[in-house]
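Visitor: Please see the structure below; I have some questions.
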Amino acid sequence: MVAQIGTIMADEVRPTYAEAWENLAHTHRAEGEREEAVALYREVLRLRPGHARRAEYEAWIEQR
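The sequence shown runs 8 to 71 under my numbering.
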């Protein structure tokens, strides 16, 4: 529920605010919602190609 509200807020209020997407990705990851987390981490990396944790997120995304 929290993640759903956050997604709506991030998407409509500040769709290019990478930190909001990153926080949502962490939430989905913690809840075991892998597909949602992967999509959100990809959005973070699209918005911030030079993100400091890029390698970490890419490695996690590639784990299947």
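Built from N, CA and C at the ideal position, the CB exists for glycine as well. Please read these numbers as outputs of a predicted model, since none were measured by experiment.
Skipping 5 residues on each side, what residues in its chain have a beta carbon closer than 7 Å to that of Arg61?
Guide: Once the five neighbours on either side are set aside, the close Cβ partners of Arg61 are Leu52.
Visitor: For Glu42, count the other beta carbons within 10 Å of its own beta carbon; 16 or more makes it buried, fewer makes it exposed. Which is it?
Guide: Exposed: under 16 other Cβ atoms inside 10 Å.
Visitor: Go ahead and pull the three-state DSSP assignment for Glu40.
Guide: Coil, per DSSP.
Visitor: For Ala66, does the count of other Cβ atoms within 10 angstroms reach 16, so buried, or fall short, so exposed?
Guide: When all chains shown are included, Ala66 counts as exposed.
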